[in-house]
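In numbering that gives the first Met the number 0, the protein residues as written are 0 to 109.
Backbone N, C-alpha and C define an ideal beta-carbon position, used for all residues, glycine too.
Since this is a predicted model, take the numbers as computed values, not measurements.
A short write-up of the structure that comes next.
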Amino acid sequence: MTSSAYTCRTLHVLAETADYPWLAGVRFADVLRVIVAWDRLTQCVPDDQPPVEYLHRHTSGLTPQRLHHLRCTRNACAHPHMGPRSQKDLDRALATARRALGQLPPGSGG
């Protein structure tokens with residue numbers, strides 16, 4: 000089983016056990032996509048820079064609020080106990096991530 004499949008299965012089990020019922024209302028693949036997208040974005044940020052501020056300065060049309068939402072959604076996906084997220088939250092976070100990733104050169108920064 001791949002690590003992504005394992006993570007997806009783990010999230011599915013968490014949702015089934017009702018520990019984090021919000022996971023039952025979202026697409027598991029999108030939970031993984033949000034985590035991976037934020038990881039890819041932070042790889043573009045120098046180690047000494049706050050990610051949201053750096054990404055705001057180096058992208059066009061992405062407000063700090065949208066980037067903060069992406070970061071908070073990623074954290075909720077990686078740590079489901081941090082609070083519920085809806086599929087709409089995941090969709091918005093993924094749209095923000097795609098837009099940012101499209102504007103940053105791979106491996107720029109840190």
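C-alpha gap between residue i and residue j, whole angstroms
i    : j   : result
H78  : L22 : 11 Å
T58  : R32 : 20 Å
Q102 : A36 : 13 Å
G82  : A75 : 6 Å
Q42  : L93 : 17 Å
Residue environment, residue i, which counts as buried when at least 16 other CB atoms sit within 10 Å
i    : result
D29  : buried
G109 : Annotation note: pLDDT 47 at G109 (below 50); position unreliable, no value reported.
A96  : buried
Contact belief for residue i with residue j at Cβ below 8 Å, rounded distance in angstroms
i    : j   : result
V25  : L69 : About 15 Å separates the two Cβ atoms, so there is no contact after all.
L100 : L61 : Not really, about 11 Å apart at Cβ, beyond 8 Å.
Which listed residue (the options) has its alpha carbon closest to that of residue i
i    : options                : result
D66  : L100, L54, D38 and R39 : The question names Asp, but residue 66 in the sequence shown is Leu. Among L100, L54, D38 and R39, the Cα nearest to that of L66 is on L54.
P104 : V44, I34 and D18       : V44
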